[in-house]
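Visitor: Just so we're aligned, residue 1 is where the sequence shown starts under full-length UniProt numbering, counting upward by one.
For each residue, glycine too, the CB sits at the ideal point set by N, CA and C.
This structure is in structure tokens; I'll ask about it shortly.
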Amino acid sequence: MDKEIYIIRHGETDLNKQGIVQGRGINSDLNDTGRAQAAAFYAAYKDVSFDKVYTSKLKRTHQTVKGFIDAGTPWEQLAGLDELAWGVWEGKPNDENAITAFKGIVEQWDGGDYDAHFEGGESPNDVLLREKEALKVIKSATDEKTILICMHGRAMRLFLCLLTNMPISEMTSFPHQNTTLYKVELTGDQFVITEFNNTDHLK
1 MDKEIYIIRH GETDLNKQGI VQGRGINSDL NDTGRAQAAA FYAAYKDVSF DKVYTSKLKR
61 THQTVKGFID AGTPWEQLAG LDELAWGVWE GKPNDENAIT AFKGIVEQWD GGDYDAHFEG
121 GESPNDVLLR EKEALKVIKS ATDEKTILIC MHGRAMRLFL CLLTNMPISE MTSFPHQNTT
181 LYKVELTGDQ FVITEFNNTD HLK
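Quick look at the structure:
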């Protein structure tokens with residue numbers, strides 16, 4: 001095994017709680033629940049000797065892994081780990097109009113149109129392009145054996161598809177809650193998921 005990679009989603013924000021659309025274009029903070037989730041994750045995994053923490057450029061990921069950063073774990077921000085940009089829907093309530101629009105775009109993705117996107121937003125192919133660049137950075141640091149990545153729900157689903165060579169249309173097979181953990185082992189060029197949607201730290 002060359003690397004052990006812990007991949008988590010950020011903790012809850014008020015916009016998550018309110019059902020407001022929140023992508024790359026909204027830089028929101030964790031709420032009290034999110035901070036408690038982050039603290040629970042830190043309590044459960046603080047004894048893992050992480051060589052590096054990688055986050056997106058958005059502060060909700062920084063705040064989720066703040067315990068590890070404050071404890072001195074080296075930290076790097078990669079824009080490639082940012083959430084998918086939802087364009088014109090950013091900051092809008094998840095009402096009937098949004099539900100209809102999102103259902104339509106997901107149907108396009110399920111049908112294999114990975115370039116489909118909302119106006120001003122990103123497609124799955126756009127996100128994968130930048131995730132591939134982030135992955136190059138992560139893989140090239142051969143001295144970093146155990147790493148923690150904190151990112152975002154939709155981007156995480158796409159990232160897991162990228163790592164496991166699953167088609168993008170299968171991204172919904174990776175469920176996620178706030179601070180859910182996927183543990184992945186890298187050997188050569190082969191990624192294997194060893195823990196799937198683990199939320200034991202929240203119990």
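Just verifying my parser: in three-state terms, what is the DSSP assignment at W86?
Guide: Three-state result, W86: coil.
Visitor: Do T179 and F41 count as a contact pair if the criterion is CB distance below 7 Å?
Guide: For F41 and T179, yes; Cβs fall inside 7 Å.
Visitor: Would you mind sorting P167 into buried or exposed? The rule is 16 or more other CB atoms within 10 Å of its CB.
Guide: That one is exposed.
Visitor: Compute the beta-carbon to beta-carbon distance between G23 and A85, rounded to the nearest angstrom, for a pair I have assumed lies under 8 Å.
Guide: G23 to A85, Cβ: 5 Å. Contact.
Visitor: Tell me the residue span of the beta strand (DSSP E) that contains M166.
Guide: Here M166 belongs to no beta strand (DSSP E), and DSSP marks it neither H nor E.
Visitor: Taking only the alpha-carbon atoms, compute the straight-line gap between G34 and Y114 and give it to the nearest angstrom.
Guide: Answer to the nearest angstrom: the Cα atoms are 31 Å apart.
Visitor: Which of helix, strand or coil does DSSP assign to E131?
Guide: In this structure, E131 counts as helix in the three-state DSSP scheme.
Visitor: Take T64 and list the residues in its own chain whose beta-carbon comes closer than 6 Å to its own, dropping the five residues that flank it on each side.
Guide: Contacts found: H10, G11, A38, C150.
Visitor: Along the beta strand (DSSP E) that carries F191, what are the first and last residues, could you check?
Guide: Per DSSP, F191 belongs to the beta strand (DSSP E) from 190–198.
Visitor: P93: buried (16+ other C-beta within 10 angstroms of its C-beta) or exposed?
Guide: It counts as exposed.
Visitor: Going by beta carbon distance, what residues of the same chain come within less than 6 Å of G153, once the five residues before and after it are set aside?
Guide: Once the five neighbours on either side are set aside, the close Cβ partners of G153 are R9, H176.
Visitor: Can you tell me where the alpha helix (DSSP H) with L15 in it begins and where it stops?
Guide: Its alpha helix (DSSP H) spans residues 14–18.
Visitor: Taking 6 Å as the cut-off, is the beta-carbon of E170 closer than that to any non-hydrogen atom of the ligand COA?
Guide: This structure simply doesn't include the ligand COA, nor any ligand for that matter.
Visitor: Closer than 6 Å by C-beta to residue 207: which residues in its own chain qualify, once you throw out the five before and the five after it? Chain order, please.
Guide: Nothing can be reported for residue 207, as the shown portion of the chain is limited to 1 through 203.
Visitor: Cutting at 6 Å between CB atoms, please list the residues of its own chain near G67, excluding the five before and the five after it.
Guide: Here the set comprises Y42.
Visitor: If you draw a straight line from the alpha carbon of L78 to that of T13, how long is it in whole angstroms?
Guide: If I take the Cα positions, the gap works out to 21 Å.
Visitor: Taking 7 Å as the limit between beta carbons, can you name the residues of its chain near L128, skipping five residues before and five after?
Guide: Cβ within range, chain order: L158, L162.
Visitor: Based on the DSSP secondary-structure assignment, which residues constitute the bridge partners of V53?
Guide: Beta-bridge pairing links V53 to W75, L148.
Visitor: On the three-state DSSP scale, how would you describe V184?
Guide: The answer is strand: DSSP assigns V184 an E or B state.
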